[in-house]
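Undergrad: Chains U and S are the protein sequences, given in the same order. Here the numbering used here is used: the first residue of the first sequence is 263, the next is one more, and so on. Here the numbering used here is used: the first residue of the second sequence is 263, the next is one more, and so on. Cβ coordinates follow ideal geometry from the N, Cα and C atoms, glycine included. Can you read through this structure? Questions will come right after.
There are 2 protein chains.
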Amino acid sequence: MKTYTYEKSRELFKRALKVVPGGVYGHLGPAEGCFMPVDAFPFFASRAQGAYFWDADGNRFIDYMCAFGPNILGYNDPDVDAAAHAQLKEGNCASLPTAKMVEFGELMTDTVEMADWAFFCKNGGDTTAFAIMIARAATGRKKIVLTRGGYHGVAPWTQKAGHPGITPEDVANNLYAEFGDYAALERLFTENRGEIACFMATPYHHPVFEDNRLPPDGYWKKVRELCTREGVVLAVDDVRCGFRLDTRGSDAHYGFKADLECFCKALANGWNVSALCGTDALRDAAASIMYTGSYWLSAAPIAAAVACVTKMRRIDSAKICLEKGTKLTEGLAAAGKAHGFNLVVSGEPSMWFMRIADDPDFDHHQAWVAECVRRGVYFTNHHNLFINTAVSDEDIRFTLEIADEAFAAVKRDGPLSARKGWQS
Amino acid sequence: MKTYTYEKSRELFKRALKVVPGGVYGHLGPAEGCFMPVDAFPFFASRAQGAYFWDADGNRFIDYMCAFGPNILGYNDPDVDAAAHAQLKEGNCASLPTAKMVEFGELMTDTVEMADWAFFCKNGGDTTAFAIMIARAATGRKKIVLTRGGYHGVAPWTQKAGHPGITPEDVANNLYAEFGDYAALERLFTENRGEIACFMATPYHHPVFEDNRLPPDGYWKKVRELCTREGVVLAVDDVRCGFRLDTRGSDAHYGFKADLECFCKALANGWNVSALCGTDALRDAAASIMYTGSYWLSAAPIAAAVACVTKMRRIDSAKICLEKGTKLTEGLAAAGKAHGFNLVVSGEPSMWFMRIADDPDFDHHQAWVAECVRRGVYFTNHHNLFINTAVSDEDIRFTLEIADEAFAAVKRDGPLSARKGWQS
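Structural data, given as structure tokens:
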């Protein structure tokens with residue numbers, strides 16, 4: 263297959279460099295340090311539909327990043343978009359919320375097993391920050407425990423001291439434990455008894471640049487008991503996994519009950535809304551905090567969310583994504599094996615991580631990802647992937663064909679370090 | 263005129279109380295402590311168009327809160343909405359930005375006088391937090407100076423130690439000066455020489471519950487010189503004033519140049535986008551920080567923003583809002599005078615604050631606002647008001663008629679403390 267070129271993306275990038283620091287940001291930007299072979303990647307999209315996006319040069323990609331999560335039902339899902347458009351005609355961002363907020367609150371408390379209430383904002387990070395504030399308000403304690411390498415947004419408290427712009431005070435109350443290490447967590451709780459407000463973690467561990475880790479057997483049950491015993495609020499950051507494992511919440515999927523649960527990405531299929539769900543015990547603490555934003559109750563994204571959650575429940579999107587992801591990742595591993603590469607797949611199949619084994623610095627893996635991308639299969643190399651319900655069997659067949667070609671190309675042309683012009 | 267009742271709003275509120283902490287949030291919620299006579303207020307909107315919204319009971323209001331700022335051209339402005347809808351057909355939130363991001367960056371650097379670059383996010387608070395991080399990264403210092411009572415969002419660092427959910431460490435690096443007090447600022451800068459990363463303030467002071475304050479003559483010029491001399495980043499929080507004083511930025515309006523300037527509310531007429539603008543000297547610091555969000559480069563709100571900024575420049579929306587606001591506030595003060603009330607108007611007329619003088623606890627003022635609201639003029643009592651370009655001369659005439667009736671009602675029926683059922 264002919265490989266793509268990106269003339270228009272490069273032209274746009276040159277223009278972007280003048281008016282946006284670093285030209286692009288996030289996972290393609292200079293601060294992430296992901297060392298992608300940028301020459302193999304498009305930088306700008308022109309259009310998106312279903313499982314695909316088209317870049318500025320008109321190249322089509324099957325998109326396994328799904329906008330980094332929001333795309334769960336396929337881009338421009340007709341049911342979700344119809345609900346949003348109907349609301350837009352009436353109004354969107356006004357001085358008061360609409361009945362849609364109430365409807366969404368009722369739907370979330372009916373859908374998410376742990377939820378007695380829901381609170382709506384915009385970013386996933388708005389919900390994780392609010393969860394910590396609620397836990398502190400409820401317990402009168404200030405320390406929080408996070409997992410090493412866990413991602414809860416970009417606010418200073420989620421970053422590392424010494425990183426640009428972060429002060430020691432920003433993270434002064436943070437303690438860290440390895441995800442899945444119950445003994446380490448119990449030790450921290452004992453050493454800081456009466457001082458810990460909250461333990462916040464993702465349902466399973468999905469850091470960048472390393473294998474994702476599922477919770478060990480019995481882990482969450484023991485963590486739940488420990489938190490209850492020690493009076494610590496258990497907050498699950500389900501921003502990324504939410505609705506890709508279980509529409510009842512990822513805590514329900516793993517058989518426990520969180521006190522607070524954060525949702526965002528898949529909530530409205532690309533319309534922007536986030537939600538913090540909580541239990542009755544934390545309702546008054548939540549209401550005591552001044553926490554608001556101009557767009558948080560905008561009615562169109564909330565109408566989209568109501569339609570999206572309703573549809574995700576109806577079709578069981580989580581089950582579909584888990585099944586499609588299983589089929590795809592098994593096929594990718596088989597394609598690798600056929601060329602002598604051991605493709606290690608980790609995490610849950612609806613949101614998997616992959617890397618070629620025995621491959622220091624992701625040297626072969628980066629080259630393989632780049633060979634896939636410039637043939638129309640959009641992966642990134644250092645971040646977990648996502649799947650959506652619009653990916654068809656034919657899409658998966660095409661993906662596996664491209665993956666096969668890409669493994670052959672890596673075998674033939676070597677890893678990233680052997681490619682001219684791919685080190686930029 | 264018949265006064266409104268709110269049966270459907272109350273029913274919705276009862277339902278909301280079950281599924282959302284406090285039932286509503288923000289300025290109507292329990293955490294704000296604004297002691298409004300809630301029986302006189304609608305709690306839910308059903309529709310918005312131009313200068314109006316309609317509540318859940320079908321009552322029409324001329325809306326002088328403008329969604330707390332976003333409504334600058336009238337709700338559902340046809341030009342802005344057409345641009346957003348055209349983009350929605352192509353796609354919105356995808357794995358890559360679109361050319362619209364570049365276009366918006368070019369438009370902002372061409373529009374905002376101080377801007378060499380722009381960075382886009384969602385909340386106003388995303389931009390104020392990023393400004394602080396950039397200042398810290400650029401200077402290697404960690405203290406920041408804020409103005410007492412200034413509002414920069416809801417993140418913990420913007421709140422007060424001791425408030426629910428806020429730790430001493432959240433605000434450990436904050437210093438405070440009175441807005442407009444140059445001597446106090448200079449003293450803080452001297453006492454903390456070499457330790458201050460940033461001075462952040464709004465262009466003029468618009469706190470809640472007190473008269474808004476314009477910058478004293480020469481204040482900003484001296485502040486600019488002081489910041490330059492001491493190597494402190496001067497960040498202007500133009501989230502609320504932006505495009506209501508001057509399309510070139512409120513710093514240009516007051517004759518100085520900020521290093522960083524935060525925009526959000528009026529940027530896209532209700533579509534959700536925010537922007538941090540900066541100078542070349544801070545470009546590398548901005549690019550060095552990992553700062554991103556799933557929806558920050560969504561193309562539809564950015565397309566709306568491009569159309570909105572273009573239209574605001576074309577029609578000079580700031581001038582229109584200043585003129586309409588002047589006409590309205592002069593009329594309101596005259597209406598008060600006719601009934602023996604001294605209505606004190608402060609701030610800039612496009613975003614004014616008002617209160618009845620010699621009125622402890624806003625006792626008469628709250629009653630007057632409530633009498634206006636239940637006759638179809640939507641004010642709040644403790645927050646600055648907003649105007650938009652869709653407010654017509656007839657709307658102003660109607661507003662002044664209602665204001666007159668409301669003053670008469672207060673004279674007749676007394677202040678808030680004299681009303682049964684208005685203390686909830």
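How would you list, in chain order, the residues of chain U whose beta-carbon sits under 8 Å from the beta-carbon of Y640 of chain S?
TA: S357
Undergrad: In chain order, which continuous runs of the beta strand (DSSP E) of length 3 or greater are located wholly inside the stretch 616-681 of chain S?
TA: none
Undergrad: So, at 8 Å on beta carbons, what are the nonlocal neighbours of V433 of chain U in its own chain, with the 5 sequence-adjacent residues on each side left out?
TA: P418, W419, Q421, K422 and A423
Undergrad: Apart from the five residues on each side of it in sequence, which residues of its chain come closer than 6 Å, Cβ to Cβ, to A671 of chain S?
TA: E633
Undergrad: So if I threshold CB-CB distances at 7 Å, which residues from the stretch 427-453 of chain U count as touching chain S?
TA: G427, T429, E431, A434 and N435
Undergrad: How about F461 of chain U: is its Cβ closer than 7 Å to a heavy atom in the ligand NAD?
TA: Of the ligands one can find in the structure shown there are none, so the ligand NAD has no counterpart to examine.
Undergrad: Where do the ends of the beta strand (DSSP E) carrying E523 of chain U lie?
TA: L522 to F525
Undergrad: Given K586 of chain S, which residues of its chain have a CB within under 6 Å of its CB, disregarding the five upstream and five downstream residues?
TA: I649 and V653
Undergrad: Taking only beta-carbon atoms, is T371 of chain U less than 8 Å away from chain S?
TA: yes
Undergrad: I'd like to confirm the pairing. Which residues does DSSP put opposite D317 of chain S in its beta bridges?
TA: S:A307
Undergrad: If we define contact as Cβ-Cβ less than 8 Å, is L590 of chain U a contact residue for chain S?
TA: no
Undergrad: From the DSSP output, read off the bridge partner residues of S608 of chain U.
TA: The partner list for S608 of chain U (beta bridge, DSSP) reads U:F615.
Undergrad: Please identify the residue among U:R455, U:D620 and U:V485 whose C-alpha is closest to the C-alpha of D443 of chain U.
TA: U:V485
Undergrad: Out of S:G456, S:D499, S:V494 and S:Y553, state which residue places its alpha-carbon closest to the alpha-carbon of H467 of chain S.
TA: S:D499
Undergrad: Answer with buried or exposed for D655 of chain S, where buried requires no fewer than 16 other C-beta atoms within 10 angstroms of its C-beta.
TA: Under this definition D655 of chain S is an exposed residue.
Undergrad: Secondary structure at C460 of chain S, three-state DSSP: helix, strand or coil?
TA: strand
Undergrad: Quick one, which residues of the stretch 393-411 of chain U are near chain S if we go by CB-CB under 7 Å, in chain order?
TA: M395, I396, R398, A399 and K404
Undergrad: By the 10 Å Cβ neighbour count, where 16 or more other Cβ atoms means buried, how is N604 of chain S classified, buried or exposed?
TA: That one is exposed.
Undergrad: State the Cα-Cα distance for the pair M574 of chain U and C355 of chain S, rounded to the nearest angstrom.
TA: So the two alpha carbons sit approximately 19 Å from each other.
Undergrad: List the residues that DSSP assigns as beta-bridge partners of W379 of chain S.
TA: S:G540
Undergrad: Counting pairs of beta carbons, one from the stretch 368-385 of chain S and one from the stretch 519-526 of chain S, are three or more of them closer than 8 Å?
TA: Flag = yes, the stretch 368-385 of chain S and the stretch 519-526 of chain S touch.
Undergrad: With DSSP as the reference, identify every bridge partner of G312 of chain U, one or two as the case may be.
TA: Bridge partners of G312 of chain U: U:Y337.
Undergrad: Can you give me, in chain order, the residues of the stretch 509-538 of chain S that have a beta carbon less than 8 Å from any beta carbon in chain U?
TA: C526, K527, G532, W533 and N534
Undergrad: Residues of chain U with a CB under 9 Å from the CB of Y689 of chain S: which are they?
TA: In the structure as shown, chain S begins at 263 and stops at 686. Residue 689 of chain S is therefore absent and cannot be evaluated.
Undergrad: Measure from the alpha carbon of C503 of chain U to the alpha carbon of each residue in U:C489, U:N333 and U:A566, then state which is nearest.
TA: Comparing C-alpha distances from C503 of chain U to each of U:C489, U:N333 and U:A566 shows the shortest one belongs to U:N333.
Undergrad: I'd like to check one pair, T429 of chain S with H414 of chain S: are the Cβ atoms closer than 8 Å?
TA: no
Undergrad: Could you spell out where the alpha helix (DSSP H) holding K405 of chain S opens and where it closes?
TA: Secondary structure note for K405 of chain S: it is in no alpha helix (DSSP H), and the uninterrupted beta strand (DSSP E) holding it is K405 to T409.
Undergrad: From M552 of chain U to H425 of chain S, what does the alpha carbon distance come to, in whole angstroms?
TA: Rounded to whole angstroms, M552 of chain U and H425 of chain S show a C-alpha spacing of 9 Å.
Undergrad: Below 8 Å between beta carbons: does that hold for A497 of chain U and D521 of chain U?
TA: yes
Undergrad: Compare the C-beta of M327 of chain U against all C-beta atoms of chain S and say whether one is closer than 8 Å.
TA: Chain S, which has a Cβ nearer than 8 Å to the Cβ of M327 of chain U, makes this yes.
Undergrad: Taking the C-alpha atoms as reference points, what is the distance between A530 of chain S and V568 of chain S?
TA: 8 Å
Undergrad: Starting from D325 of chain S, follow the beta strand (DSSP E) in both directions and report where the run begins and ends.
TA: R322 to D325
Undergrad: Is A562 of chain S near L350 of chain S, with beta carbons less than 8 Å apart?
TA: yes
Undergrad: According to DSSP, is A417 of chain U part of a helix, a strand, or is it coil?
TA: coil
Undergrad: If you draw a straight line from the C-alpha of S679 of chain S to the C-alpha of P611 of chain S, how long is it?
TA: 30 Å
Undergrad: Anything in chain U within Cβ reach of G367 of chain S, meaning under 7 Å, just list it in chain order.
TA: A278, V281 and V282
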